[in-house]
Amino acid sequence: MVGETVESLQITLSTGAYASPTTSAGCFFPPRMVTTTLRPGWNLAGWTAEGTDVEALFEANPALEAIHAWDAGAQSFTRATRDETESAADLTTIAPGMGLWLHLGGEEPVTWTRPVAPEAGIVSLRPGWNLVAWGGRDEAAPEDAFAFLREDLLAAAAWESVAGEFRLHYPDAPPSTSTLQRLELGEALWLNVGVARHWLQPGAAASAVEFVGEVAPKTRADLEPRVDDVLAFFGERTGAFVPGITFSVGDHPGVCADYGHGFRMIRLWLGCLGAIAHEYAHAVQFTAGHGESAAWLVEGVAERWSDQYYDYAGDDASEADGREHAIRNARYVEVPLEEMESHAGFRAQGARGYGLAHLAADWLATIAGGDGALFGYFDARTNEEDWQVTFERVFGMGVDDFYTSFAAHRAQVAPPYATVEGVVLGPDGQPQEDVKVQYFSSEDDPFGLYGGRTDGEGRFNWAIESGSYSIGLTRGDGCPLPWHTTDHRLGAVVESRASIDVGNVDIEGLTLTLSRSPAEVCRDVQGVVTDLVGNPTAGVFVTPLPADGQRPPVFSQVTTDPSGTFVVTLRRGQYRLQVRPPTPSGAFGGRGYYGGETGFVLRRSEARLIDTRAGTLPEIVIASGTIGGTILTADGQPVRGVAVYPGERAINSPTSDSRGRFEVSVPKGVHTLELVCPQGGGGWFGGSGTLVANREQATPSVVDTADVTGIVINLPAGVTCQ
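Heads up, the sequence shown is in my numbering, so the first residue is 542 and it goes up one at a time.
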């Protein structure tokens, strides 16, 4: 049934005496097959199937007379011949990923077909020459195939049997001098490397990337090489990989990022693509071994390995940055590490718990053998042994001993912050639930630090770094609440804030009383953002701007949910709603405003005022589309940095990217595109790829029920716009 579509499938399980409450069923990729033509005489080919003995190769190919393999450790050949006794041969077994010299007798070529096991694509390299099979992506370019080896690769060569010569590749030589242009699946490679390392060949792990819902083309294009990079990194560091894993990216309601071991699937929401290395670390953990482990250990090691990957990849955050971030988060956690063994105990600490877990994993690696020991622990896990037993067996210390050691280390590098505890009461003295507490470091601090929300008894309790703050209360995300207090530890309440000094000692028993009820002060404003034909648009930023020109309310920017809906809580007053609609590629397409019945407008002066003091608020629907295209020079080269205005200069407009592409958000209607070069000058889109000098000559773009894309604008000869 390989390669056929299955419309329905019935599975009957008979578990007998070993019944389990849950059983997982998964579909995995069928093995790839490769066929190599072997010619009389010497051939160089790779063994891509599972391990076997040399006799199996001789039996499968009657013309095969001799097999030579390379011992990279000894830097010498081992061999076996058809007529040689087993005791005389020094080559007895063939492992996945071996490169082999095969000598054929006879006068006719033969074909050699074998499966490609994922294990063939992860090989251990020793300093000096190595002879390995290529089990990665067929027809891969050397620069892609060897990218992860970086400066460790000194030279590579493959054998061309027809010509009887090697095809060569030197990383530092000009590409034109390389005769190794493509790597064919199943061939063998000579690699000269400077250090010992693992190498997971791109495409070997049989991973798949699937997209759910609308995913921007740029995201799609960037993701596959990122997946290759992540797999290669973990393969090199651990010598392990997860065959048949799927990366599912896009619209996963309620999911930021997770890994499902039973289905070997990583799910990633578009806003959480940065978690790809963390989730793949989980995949490695649960594929190497089996059985439950402490939540702090599973998550802490995943955080550590993820930071190591991003440090290697050259992304913005280094491993040192990750550790500093972990320390800051760990200081917000009050409980000891042992209370984070269970998943419930770990989740109770929220995102801050990852910091403490990361710190614990770092300390465990420091005192118990590094990352090799951490991987060894997961590799040793089984369902037949408690995790504490495995822990002691692998790390050479009991769990309780580690907790004692870590507590002392934590007290030195990440002592918990002091906490501020109190209660919020209404004007009638009743506890107020779901009031947000915030701490501002200065009058100019627009966002502040989150201090938690009050519970059903009106209480709040939150750890905070030492310093001087002003404390404020809000309902929802953007409505400051007036309040008062007689507590001498707080300064006078001015504009809904009061000063507070936080040191190393907990502050307890604060009582904050609202001067007016939240219902008197605040109002919820709700609306929906759609495309041109009314389909909901998720992930759109909506920002309320006070009509009096004051600074927007703290944390008032919201995003639309999967139904395109947004809700923002505002103090009584007048506001304009600023909107940043998405574009097909996810690039910045400019900003606009809610314009009442017209939906989306480009000019601030056309925006409709929302009056939260009114009895009835309007039904808010904001629909927009996109005009997109490419800007090129006269000789067809992309032009970067050109601002594109849809007939209005009064907006923050997008610019063309490095490929000359632009996308600008617009309402329904007729628009003329103006181009403005970075150094001044430009013109108008005149249709048929032309640029004209004035607006009267411009060709309008009509946006009605669909986006207008694919526009090409060629700058006149002599105009570079750079």
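Built from N, CA and C at the ideal position, the CB exists for glycine as well.
Proximity of residue i and residue j at Cβ, strictly below 8 Å
| i | j | result |
| --- | --- | --- |
| Val783 | Val750 | no |
| Trp675 | Leu579 | no |
| Glu1160 | Asp1047 | no |
| Gly520 | Val874 | Examination of residue 520 is not possible in this model, given that the chain is present from 542 through 1263 alone. |
| Arg1132 | Val1120 | yes |
| Thr1071 | Gly1105 | yes |
| Thr1100 | Gly1080 | yes |
| Trp731 | Leu672 | yes |
| Ala682 | Arg708 | no |
| Ile635 | Val595 | yes |
| Gly1224 | Val1233 | yes |
| Ala1148 | Gln1115 | no |
| Arg1057 | Pro1021 | no |
| Val1162 | Val1069 | yes |
| Asn584 | Ser702 | yes |
| Phe1124 | Thr1167 | Rather than Phe, the amino acid found at residue 1124 in this sequence is Thr. For Thr1124 and Thr1167, yes; Cβs fall inside 8 Å. |
| Val1183 | Val1217 | yes |
| Trp928 | Phe887 | no |
Selected residue, minimal CA-CA separation from residue i, among the options
| i | options | result |
| --- | --- | --- |
| Phe1082 | Phe1107, Val1062, Ala1088 | Phe1107 |
| Gly669 | Ala737, Cys797, Arg1030, Asp912 | Ala737 |
| Asp862 | Gln849, Pro712, Arg872, His1212 | Gln849 |
| Val657 | Leu672, Arg678, Gly646, His644 | Arg678 |
| Cys813 | Met574, Trp731, Ile663, Leu764 | Leu764 |
| Pro794 | Pro1103, Pro1023, Gly1259, Ala773 | Pro1103 |
| Val976 | Thr960, Gly970, Gly993, Gln1098 | Gly993 |
| Asp799 | Ala781, Gly780, His819 | His819 |
| Thr521 | Trp583, Arg573, Ala604 | Any answer about residue 521 is impossible in this case: the structure gives the chain only from 542 up to 1263. |
| Ser982 | Thr1015, Ile1041, Ala902, Leu1022 | Ile1041 |
| Cys1063 | Asp1028, Leu1111, Ala762, Gly1090 | Leu1111 |
| Glu692 | Pro712, Phe887, Glu701 | Pro712 |
| Pro1219 | Cys1262, Pro1241, Val1253 | Cys1262 |
| Gln979 | Ala1004, Gly1013, Tyr958, Thr995 | Gly1013 |
| Thr787 | Arg761, Leu905, Ser748, Val768 | Ser748 |
| Tyr918 | Leu897, Leu900, Val940 | Val940 |
| Pro1179 | Arg1202, Gly1188, Tyr1186 | Arg1202 |
| Phe599 | Gly614, Glu1215, Leu643 | Leu643 |
| Ile1172 | Gly1251, Arg1145, Asn1235, Leu1150 | Gly1251 |
| Ser1007 | Ala892, Gly1044, Gly1223 | Gly1044 |
| Glu606 | Gly582, Pro659, Asp685 | Gly582 |
| Pro659 | Gly727, Glu680, Ala586 | Gly727 |
| Glu777 | Ala949, Phe687, Gly1156, Leu1118 | Phe687 |
| Gly592 | Ser1146, Thr1026, Leu809, Ala661 | Ala661 |
| Thr1174 | Lys1209, Pro1208, Val1260, Gly1090 | Val1260 |
| Val790 | Ala773, Ala781, Arg767 | Arg767 |
| Asp685 | Glu706, Asp1176, Pro716, Ala729 | Pro716 |
Supposed close pair residue i, residue j - CB separation, criterion 8 Å
| i | j | result |
| --- | --- | --- |
| Leu1055 | Val965 | 7 Å |
| Val753 | Arg655 | With 8 Å as the limit, Val753 and Arg655 do not qualify as a contact, their Cβ atoms being about 35 Å apart. |
| Ser1194 | Ser1165 | That belief does not hold up - the Cβ atoms of Ser1194 and Ser1165 are roughly 14 Å apart, past 8 Å. |
| Ala835 | Glu882 | 4 Å |
| Phe1226 | Ala1239 | 6 Å |
| Val771 | Ile817 | 6 Å |
| Gly896 | Ala871 | 4 Å |
| Trp846 | Ala822 | 4 Å |
| Ser1197 | Leu1214 | Actually they do not touch by this definition, with Cβ atoms about 12 Å apart. |
| Ser1134 | Leu1158 | Position check: residue 1134 holds Tyr in this sequence, whereas Ser was assumed. In fact, because the Cβ distance is near 16 Å, the residues do not count as touching under 8 Å. |
| Thr1052 | Trp1003 | Thr1052 to Trp1003, Cβ: 16 Å. No contact. |
| Ala586 | Gly646 | Not really, about 16 Å apart at Cβ, beyond 8 Å. |
| Phe932 | Leu878 | About 13 Å separates the two Cβ atoms, so there is no contact after all. |
| Glu1204 | Gly1169 | 4 Å |
Residue i Cβ short of 7 Å to the ligand ATP heavy atom set
| i | result |
| --- | --- |
| Ala949 | You won't find the ligand ATP in this model; it holds no ligand whatsoever. |
Test: residue i CB closer than 8 Å to a CB of chain B
| i | result |
| --- | --- |
| Thr619 | In the structure shown, chain B does not exist; there is a single protein chain. |
On the three-pair Cβ rule with 8 Å, is the segment 859-868 touching the segment 841-851? yes
How about the segment 606-624 and the segment 637-645: do they share at least three Cβ pairs that are nearer than 8 Å? yes
Below 8 Å, how does it come out for the segment 816-832 and the segment 919-929: are there three or more Cβ pairs, yes or no? yes
Return the chain-ordered ranges of every beta strand (DSSP E) run that is complete within the segment 819-847 and spans a minimum of 3 residues. none
Taking only runs that begin and end inside the segment 786-811, name each unbroken beta strand (DSSP E) of 3 or more residues, in chain order. 787-791, 798-801, 806-810
Entirely within the segment 1162-1245 and at least 3 residues each: give me those beta strand (DSSP E) ranges in chain order. 1166-1173, 1184-1186, 1202-1207, 1210-1212, 1215-1217, 1223-1226, 1242-1244
Identify every run of the beta strand (DSSP E) within the segment 1025-1076, keeping only runs that are complete inside it and at least 3 residues long; order them along the chain. 1038-1043, 1048-1055, 1063-1071
Given 8 Å, three or more beta-carbon pairs between the segment 756-763 and the segment 692-701: no
Can you give, in chain order, each stretch of the beta strand (DSSP E) that sits fully within the segment 592-644 and has at least 3 residues? 605-612, 617-622
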